[in-house]
Amino acid sequence: MRIELAEPMNAVLMMAEGMQASLRCIGKPPCCLAGITNDSREVRPGDMFVALCGSHQSGSAFLKQALQRGAAAIALSDVSVPLPGNYWLFTVKDTAAALLNAAAMRREKSCARVIAISGSAGKTTVKETISAVLAADGSRVSKSVGNYNSTIGMPLSLLGMREADYFVSELGINHPGEMAPMSVALHPHVSVLTNIGTAHLGNFRSMRVLTAEKLSIAAGQGEKDVLLLPGEVEVPQSMRLVPRILCVGMHEHADFRAVNICMNEKGTRVDIMCKERVIKNLVWHVPGSIGVSVLAIAAAIGMLEGKSDEAIRRGLEAAKLAAPRMRLISVGTRSFLDDTYNASPEAVKAAIESARLLAARRPLVAVLGDMLELGELTVPLHNAAGAFAAAHGVRQIFAYGKYAAAIAEGARTAGMPTSSVFCFEVGEEAALVASLLSETPKDAFMLFKASRKMALNEVLENTRRGL
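Quick note on my numbering: the sequence shown kicks off at 18 and runs consecutively.
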């Protein structure tokens, strides 16, 4: 990961103060830094290289490579004899913690209102949509880069945010204890959870523990701040959350309620209402619960921040171009719905729901790959995905990966004919593509959905080329 450093954190002395580092000058380095990265292969002249301590290898093993590529600063926790060159040597106790400390200083030095977004699915889409809504009236918005949302990616993104009216930051967690430190560094005025599902459940003892971790997004918030939750999320009584909690959703007690919902192959249209106002006929290009969720959350943030109805509409229209999910591609008489960005059980169900509406009367085909980090529930959850597809309008299933058989079993148990279910293991990508080309109807509407590491997007591209 590499980002361009923004003022004031591009100043060497400011970065040293933020990292709480011991600073040493080697040779004659510049006083300002260009960028920052934790990957020596991405170093550009004038950058800082942060040598993280990995589980298999320490970043300090790549100091020479970083300096050869022009690094003007090195941050490390190892005590070693400095290499020759012209650079600043930052010595810290823990490089990952130092990176987060520097991000916290960037936050302190800014007057921006901070919006933090997390959840089991849809984080990046919601981040892009909120950013567009906030910017629609001319407000300056700085946002997380891509999906830089991890304990390393989030602080890197924050260090690259230029001064603005709003900072919009995406937070992603994989293990217990990761959320609270990021929230404390950000001190968000508004925190948003898109949902709490089973993504990464395998790294947690239970859904209760996972829920508590997600809700720790409020750890850095004060009494005047807002935590925006989907209506189905229940806050455990044992958790004493400081910020004001508001709910968004379709139920009658939601503070921001989606009503008059209309969904078809053209997308989603809803009215969003709260106590003070109603915004009518908001539109999102993706139908189903995904569309309703995006519209409701983005409108809620717009309302909380005092944006006009028209600004919210303009922002939603602009956001369609930036949304990374649900990319619709037509090739000849076939259509491809590329949702290979990532996957969880809840996201798979939502994608099938949207694909069914988008397909209209066309035969729906689902290409489903493995969902990762589900722990002991991996097989049952893949069974359930196959069963859901079979029960919700999918004509054919092409299951791919280590758990393809589990998806197929769920589909067949739910009544899908064996002749409509196809299984392919990792390494059989060519056979999968050939089968998609030969076995699917000429007018098929094809959904591609899997965890990103499955690289199902490559299968999609190869299928396109084969037409």
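Just so it is clear, CB atoms sit at the ideal spot from N, CA and C, and this is done for glycine as well.
Worksheet item: Considering only residues of the same chain and omitting the five flanking positions on each side of His-192, which have a CB-CB separation below 6 Å?
Response: The beta carbon of His-192 is closer than 6 Å to those of Asn-220 in its chain, skipping five residues each way along the sequence.
Practice prompt. Determine the direct distance from the alpha carbon of Phe-273 to that of Cys-291, and round the result to whole angstroms.
Written response: 5 Å
Fill in: Cβ-Cβ distance between Asp-154 and Lys-324 below 7 Å
In this structure, Asp-154 places its C-beta atom within 7 Å of the C-beta atom of Lys-324.
Worksheet entry | For Ile-43, the nearest candidate out of Cys-70, Arg-61, Leu-84, Gly-76 (CA to CA) | Leu-84
Discussion item. Distance check for Val-150 and Ala-328, CA to CA, integer angstroms please.
Written reply: 7 Å
Practice prompt. Could you have a look at Asp-157 and say whether DSSP puts it in helix, strand or coil?
Written response: Strictly speaking, residue 157 in this sequence is Arg, with Asp absent from that position. In the structure shown, Arg-157 sits in coil (DSSP, three-state: anything other than H, G, I, E or B).
Worksheet item: For Asp-326, which of helix, strand or coil comes out of DSSP?
Response: helix
Practice prompt. Please name the residue, chosen from Ala-133, Glu-456, Lys-160, Leu-245, that lies closest to Thr-480 on a Cα-to-Cα basis.
Written response: A check of alpha carbon separations from Thr-480 across Ala-133, Glu-456, Lys-160, Leu-245 identifies Glu-456 as the nearest.
Worksheet item: Taking all protein chains shown into account, do 16 or more other C-beta atoms lie within 10 angstroms of the C-beta of Ser-135, making it buried, or fewer, making it exposed?
Response: buried
Discussion item. Check for me: the alpha helix (DSSP H) holding Leu-321 runs from which residue to which?
Written reply: 306-321
Worksheet item: What is the DSSP secondary structure of Gly-403, counted as helix, strand or coil?
Response: In this structure, Gly-403 counts as helix in the three-state DSSP scheme.
Practice prompt. Quick one: measure Cβ to Cβ for Val-162 and Gly-177, integer angstroms, because I've assumed they're closer than 8 Å.
Written response: 6 Å
Worksheet entry | Cβ neighbour criterion (16 or more within 10 Å) applied to Glu-125 | exposed
Discussion item. Run through the DSSP bridge pairs and tell me what Met-65 is partnered with.
Written reply: Ile-53, Ala-90
Worksheet item: Roughly how many whole angstroms lie between the Cα atoms of Ile-289 and Ala-367?
Response: 20 Å
Worksheet item: Short check: CB of Pro-205 to CB of Ala-133, under 7 Å?
Response: yes
Item to complete: Between the Cα of Lys-110 and those of Val-67, Asp-355, Met-122, Ala-152, spot the shortest distance and give me the residue it belongs to.
Response: Val-67
Worksheet item: Does DSSP classify Ile-169 as helix, strand or coil?
Response: Shown here, Ile-169 sits in coil according to DSSP, grouped into three states, outside any helix or strand.
Item to complete: Could you please give the first and the last residue of the uninterrupted beta strand (DSSP E) stretch that includes Ala-78?
Response: Run containing Ala-78: none; DSSP gives neither H nor E here.
Item to complete: Using 10 angstroms around the beta-carbon of Val-411, count the other beta-carbons present and answer buried if the total reaches 16, otherwise exposed.
Response: Its Cβ being crowded by 16 or more others within 10 Å, Val-411 is buried.
Discussion item. Using only the alpha-carbon positions, how far apart do Leu-173 and Met-18 sit?
Written reply: 8 Å
Worksheet item: For Ile-91, which of Met-36, Asn-277, Met-280 has the nearest alpha-carbon?
Response: Met-36
Practice prompt. Find out if the Cβ-Cβ distance for the pair Ser-57, Thr-108 is shorter than 7 Å.
Written response: no
Item to complete: Assign Ala-78 to buried or exposed, taking buried as 16 or more other Cβ atoms, counted over all protein chains shown, within 10 Å of its Cβ.
Response: exposed
Fill in: alpha helix (DSSP H) runs contained entirely in the segment 180-232, provided each spans 4 or more residues
If you keep only unbroken alpha helix (DSSP H) runs of at least 4 residues inside the segment 180-232, you get 196-203, 224-232.
Practice prompt. Please work out which residues of its chain come closer than 7 Å, Cβ to Cβ, to Leu-449, disregarding the five sequence neighbours upstream and downstream, and give them in chain order.
Written response: Phe-415, Tyr-417, Phe-441, Val-476
Fill in: Where the beta strand (DSSP E) through Val-8 begins and ends
Given that the chain is displayed from residue 18 to residue 484, the structure contains no residue 8 and the question cannot be resolved.
Worksheet item: Given a threshold of 16 other Cβ atoms within 10 Å of its Cβ, counted over all protein chains shown, does Gly-76 qualify as buried or as exposed?
Response: buried
Fill in: Spatial neighbours of Cys-264 in its chain, beta-carbon cut-off 6 Å, leaving aside the 5 residues before and after
Apart from sequence neighbours up to five positions away, the residues of its chain that approach Cys-264 with a beta-carbon distance below 6 Å are Leu-246, Gly-248, Ala-271, Asp-272, ordered along the chain.
Practice prompt. Give the range of the alpha helix (DSSP H) segment to which Ser-148 is assigned.
Written response: 140-152
Fill in: Cβ-based burial, Lys-241 [other Cβ within 10 Å; buried from 16]
exposed
Discussion item. Would Ala-402 pass as an interface residue toward chain C - the criterion being a Cβ-Cβ separation below 7 Å?
Written reply: Absent here is chain C; the protein component of the structure consists of one chain.
Worksheet item: Is Leu-117 helix, strand or coil when you go by DSSP?
Response: Annotated three-state conformation of Leu-117 is helix, per DSSP.
Practice prompt. Give me whichever residues DSSP pairs with Glu-21 in a beta bridge.
Written response: Per DSSP, the beta-bridge partners of Glu-21 are Gly-52.
Worksheet item: Ala-313 and Ile-369: beta carbons closer than 7 Å?
Response: no
Item to complete: Over the uninterrupted alpha helix (DSSP H) stretch that includes Ile-234, give me the two end residues.
Response: No alpha helix (DSSP H) contains Ile-234, which DSSP labels as neither H nor E.
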